[in-house]
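Enquirer: Dropping the structure in here first, questions after.
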Amino acid sequence: MKRFEKKVAIVTGAGGGIGSAIARRLASEGALVVVTDLNEDAAGEVVKGIEAEGGAATAIGADISKKDACFDLARKAFALNERIDVLVNNAGINRRGNLLSLSDEDWDISFTVNLDSMFHLCRAVLPHMIARGGGAIVNTASQWGLYPAPNHIAYNTTKAAVAAFTQNLARDYAPDKIRVNAVCPGEIHTPMLEAGVTRSGRTIADLDKLVPFGRIGKPDEVAALVAFLASDEAAFMCGSLVEITGAQAVA
Ligand SMILES: NC(=O)c1ccc[n+]([C@@H]2O[C@H](COP(=O)([O-])OP(=O)(O)OC[C@H]3O[C@@H](n4cnc5c(N)ncnc54)[C@H](O)[C@@H]3O)[C@@H](O)[C@H]2O)c1
């Protein structure tokens, strides 16, 4: 199925676990994918993989915590084919801590990377989508933004804000046929999750046991959901927060 033929899609954090899976999936369905990440080398490797599979992609290194970088990224993406059809705001960081243990810096950077980047990038991209008569934005929130896990006050609060941001954007721009939705993953096997597991002294097998489905999720499974939400098949989905958790309840 080629649901994104002739379309241009930007995927942030596309050098990482979930982002690279999303980039590969959209490219496999015909999109020209802008693979963007703070880690330019990782983005370049993802592009090589996509091209080896016969897909089209371009790597752009960008620190999307900076407003100027977001506008520059949108400008470069638009210049590729004079259109931006899909924006996947996926980049994120997870700084551990509760109110008293977290540093001011960790609180601030959590908001700049996880939330402000979406604000700036959406402002840079939306006018192009409106001018073309529509577009799709998919934001990566988290199950923890809806039901907080302990000791992650900054992460959980930013992800709750991503959910609210998604619903506000959807409400304001639905009349322009801009569909804005969010995915709210549970535990997904990526470098971010592995770092958390190592810190807590647990193993992936321990996490598997906490999920009623019997295992944690795979990046490709989130990518399939993101691709659906970004595609015309989800034509009436706008403002939805879609959980993908294997039925896990946050403990
Ligand atoms: N893995 C999980 O269990 C899980 C669960 C729920 C939500 N999420 C969310 O999914 C998204 C992807 O996470 P992941 O697990 O693939 O993590 P990851 O660490 O593998 O990937 C995140 C990517 O974001 C990039 N990034 C970080 N700061 C950036 C910046 N300032 N500018 C540009 N890029 C930057 C990193 O370089 C990295 O490649 C995140 O938003 C995360 O919060 C992950």
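In our numbering, the protein residues as written are 147 to 397.
Ideal Cβ placement from N, Cα and C applies to all residues, glycine included.
None of these values were measured; they are calculated from a predicted model.
Does DSSP put P331 in a helix, a strand or coil?
Expert: Note: P331 maps to strand in three-state DSSP.
Enquirer: Once you ignore the five residues that flank E379 on each side, which residues in its own chain have a CB closer than 8 angstroms to its CB?
Expert: So the qualifying residues of the chain are R149.
Enquirer: Hey, how far is the Cα of D231 from the Cα of N314?
Expert: Between D231 and N314, the C-alpha separation is close to 20 angstroms.
Enquirer: Grouping DSSP H, G and I as helix and E and B as strand, with all else coil, what is A287?
Expert: If DSSP states are grouped into helix, strand and coil, A287 belongs with coil.
Enquirer: At what residues does the alpha helix (DSSP H) containing V343 begin and finish?
Expert: Element bounds for V343: P337 to S346.
Enquirer: Counting C-beta neighbours from all protein chains within 10 Å, is the total for L233 16 or more, i.e. buried, or is it exposed?
Expert: Per the 10 Å Cβ criterion, buried.
Enquirer: Secondary structure at D183, three-state DSSP: helix, strand or coil?
Expert: Looking at D183 - three-state DSSP - the assignment turns out to be strand.
Enquirer: Would A188 and I210 be called neighbours here (beta carbons separated by less than 7 angstroms)?
Expert: Contact: no.
Enquirer: DSSP puts T349 in a beta bridge; with which residues?
Expert: In DSSP, T349 forms no bridge with anything.
Enquirer: Excluding sequence positions up to five away, which residues of its chain have a Cβ less than 7 angstroms from the Cβ of A169?
Expert: Answer for A169: V157, A160, V179, V181, V192, I196 and A203, listed in chain order.
Enquirer: Going residue by residue through the segment 189-228, where are the continuous beta strand (DSSP E) segments of at least 3 residues, counting only ones entirely within it?
Expert: Taking only runs of at least 3 residues, the beta strand (DSSP E) segments lying wholly in the segment 189-228 are 202-207.
Enquirer: If you reduce the DSSP assignment to three classes, tell me which class I299 lands in.
Expert: Three-state result, I299: helix.
Enquirer: If you check the beta carbons only, do T336 and G190 fall under 7 angstroms apart?
Expert: No, Cβ-Cβ distance for T336 and G190 is not below 7 angstroms.
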